[in-house]
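Enquirer: Attaching a single structure in structure tokens format; questions to follow.
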Amino acid sequence: EAGVAQSPRYKIIEKRQSVAFWCNPISGHATLYWYQQILGQGPKLLIQFQNNGVVDDSQLPKDRFSAERLKGVDSTLKIQPAKLEDSAVYLCASSLEYREYEQYFGPGTRLTVT
Amino acid sequence: SQQGEEDPQALSIQEGENATMNCSYKTSINNLQWYRQNSGRGLVHLILIRSNEREKHSGRLRVTLDTSKKSSSLLITASRAADTASYFCATDRQYTGANSKLTFGKGITLSVRP
Numbered sequence: 008e009a010g011v012a013q014s015p016r017y018k019i020i021e022k023r024q025s026v027a028f029w030c031n032p033i034s035g036h037a038t039l040y041w042y043q044q045i046l047g048q049g050p051k052l053l054i055q056f057q058n059n060g061v062v063d064d065s066q067l068p069k070d071r072f073s074a075e076r077l078k079g080v081d082s083t084l085k086i087q088p089a090k091l092e093d094s095a096v097y098l099c100a101s102s103l104e105y106r107e108y109e110q111y112f113g114p115g116t117r118l119t120v121t
Numbered sequence: 284s285q286q287g288e289e290d291p292q293a294l295s296i297q298e299g300e301n302a303t304m305n306c307s308y309k310t311s312i313n314n315l316q317w318y319r320q321n322s323g324r325g326l327v328h329l330i331l332i333r334s335n336e337r338e339k340h341s342g343r344l345r346v347t348l349d350t351s352k353k354s355s356s357l358l359i360t361a362s363r364a365a366d367t368a369s370y371f372c373a374t375d376r377q378y379t380g381a382n383s384k385l386t387f388g389k390g391i392t393l394s395v396r397p
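One line per chain: the protein sequences are A and B, in this order. Once you know that position 50 of the first sequence is 57 in the working numbering, the rest is easy, because the numbers rise by one and skip nothing. Once you know that position 36 of the second sequence is 319 in the working numbering, the rest is easy, because the numbers rise by one and skip nothing.
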């Protein structure tokens, strides 16, 4: 079974630029999550999708971050404009519907903002 | 805010020794999980213990849960150099009527010296 795919794996941008990350969940997984993991900390949930809809985006900085999940499969997370404090690993995870306790994580995208 | 708090923050042991890591949390939970993260990689699920369970084993892993103290411990027996990684506890608690939410602690860095 293929795992959660993410791209790119690494990205370096300057502050005020924009960036987008892509995630392809495990086939059949209705729920998709984006986490931000700052160095030395645990992952923090940014947004949770269930099919096309948003379940939780309470910790998403909506003035600069946006995410979409068209057709309930792939998802993109965008940052515009980026700030230095956005430097982190962005993890995507997926799970079956209502199985938030059983999440499968992708390898992550390491973002460096200079 | 992060629900789980692990201690110690860092642990260094000799190969063959046992490693004990602790996690405390604040609110009632459905279950508690432990994850491992190797440097530059995604999170790997290790073990889950439900709120009505007190102890669980999986291979060299033993996890305990004390809901009265809101704490959990992860024991890795006969450690190996390959166990070197960051370990996170994550609490799963009800978020909406149908959905739950996974919240991660800051993690423990385990170094196993050959």
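From the three backbone atoms N, C-alpha and C, an ideal C-beta is built for every residue, glycine too. Predicted, not measured: the structure shown is a model, and the values here were computed from it.
1. Out of curiosity, what's the CA-to-CA distance linking Thr379(B) and Ile312(B)?
2. Hey, Gln48(A) and Tyr97(A) are a contact pair by Cβ (cut 8 Å); roughly how many whole angstroms apart?
3. Can you name, in chain order, every residue of its own chain whose Cβ lies under 8 Å from the Cβ of Tyr35(A), other than the five neighbours on each side?
4. Indicate whether at least one CB of chain B lies closer than 8 Å to the CB of Tyr7(A).
5. Pop quiz: Ser354(B) and Thr303(B) are said to be a contact at Cβ under 8 Å. What is the actual Cβ separation, rounded to whole angstroms?
6. Is any beta-carbon of chain A found at less than 8 Å from that of Gly325(B)?
7. For Gln377(B), which residues does DSSP report across the bridge?
8. Which chain B residues sit within Cβ distance under 7 Å of Gly79(A)?
9. Just the C-alpha distance for Pro15(A) and Asp290(B), rounded to the nearest angstrom, thanks.
10. Contact check, Gln13(A) vs Pro88(A) under 8 Å by CB: the rounded distance?
11. Let me confirm a value: Lys384(B) is counted as buried when at least 16 other C-beta atoms fall within 10 Å, else exposed. Which label applies?
12. Just confirm the distance between the C-beta atoms of Thr119(A) and Ile19(A), as a whole number of angstroms; I'd bet it's less than 8 Å.
13. Output the boundary residues of the beta strand (DSSP E) element that contains Gly388(B).
14. Give a yes or no on whether 8 Å exceeds the smallest Cβ distance from Ile33(A) to chain B.
15. Given that a residue counts as buried once 16 or more other Cβ atoms are within 10 Å of its Cβ, and exposed if not, what is Asn59(A)?
16. At the level of alpha carbons, what is the spacing between Cys306(B) and Gly388(B)?
17. Note down, in chain order, each residue of its chain lying with its Cβ closer than 7 Å to the Cβ of Ser284(B), except the 5 sequence neighbours on either side.
Expert: So, from the listed chains and residues:
1. As a working note, residue 379(B) is residue 96 in the second sequence. As a working note, residue 312(B) is residue 29 in the second sequence. Answer to the nearest angstrom: the Cα atoms are 13 Å apart.
2. For the purposes of this step, residue 48(A) is taken as residue 41 along the first sequence, with counting starting at 1. For the purposes of this step, residue 97(A) is taken as residue 90 along the first sequence, with counting starting at 1. About 13 Å separates the two Cβ atoms, so there is no contact after all.
3. If you number the first sequence from 1, residue 35(A) lands on position 28. One point to set straight first is that residue 35(A) is Gly, not Tyr, in the sequence displayed. These residues qualify, in order along the chain: Leu103.
4. No answer is possible for residue 7(A): it lies beyond the span of chain A, which begins at 8 and ends at 121.
5. One-based indexing of the second sequence puts residue 354(B) at position 71. One-based indexing of the second sequence puts residue 303(B) at position 20. With a Cβ gap of about 12 Å, Ser354(B) and Thr303(B) do not count as contacting.
6. What you label residue 325(B) is simply residue 42 of the second sequence in a count that begins at 1. Chain A, which has a Cβ nearer than 8 Å to the Cβ of Gly325(B), makes this yes.
7. Here the question's residue 377(B) lines up with position 94 in the second sequence. For Gln377(B), which the question treats as bridged, DSSP gives the partners Ser383(B).
8. Counting from 1 along the first sequence, the entry for residue 79(A) is found at position 72. Under the 7 Å cutoff, chain B gives no residues; its nearest Cβ is about 16 Å from Gly79(A).
9. For the purposes of this step, residue 15(A) is taken as the residue at position 8 of the first sequence. For the purposes of this step, residue 290(B) is taken as the residue at position 7 of the second sequence. For Pro15(A) and Asp290(B), the distance between alpha carbons rounds to 33 Å.
10. Stepping through the first sequence from its first residue, residue 13(A) is reached at position 6. Stepping through the first sequence from its first residue, residue 88(A) is reached at position 81. Wrong, their Cβ atoms sit about 22 Å apart, outside the cutoff.
11. Start at 1 with the first residue of the second sequence, and residue 384(B) comes out as number 101. That one is buried.
12. Locating residue 119(A) in the first sequence gives position 112, counting from the first residue. Locating residue 19(A) in the first sequence gives position 12, counting from the first residue. At roughly 5 Å, the Cβ-Cβ gap stays under 8 Å, so Thr119(A) and Ile19(A) are in contact.
13. As a position in the second sequence, residue 388(B) is number 105, starting the count at 1. That residue, Gly388(B), is in no beta strand (DSSP E); it is neither H nor E in DSSP.
14. Position 26 of the first sequence, counted from the first residue, corresponds to residue 33(A). No, no contact with chain B.
15. Here residue 59(A) refers to the residue found at position 52 of the first sequence. Asn59(A) should be labelled exposed.
16. The count along the second sequence starts at 1 and reaches residue 306(B) at position 23. The count along the second sequence starts at 1 and reaches residue 388(B) at position 105. Their Cα atoms are separated by approximately 8 Å.
17. Numbered from its first residue, the second sequence carries residue 284(B) at position 1. In this prediction, Ser284(B) has a pLDDT of 46, which is less than 50 and means its spatial position is unreliable; what the coordinates show is noted afterwards. Here the set comprises nothing.
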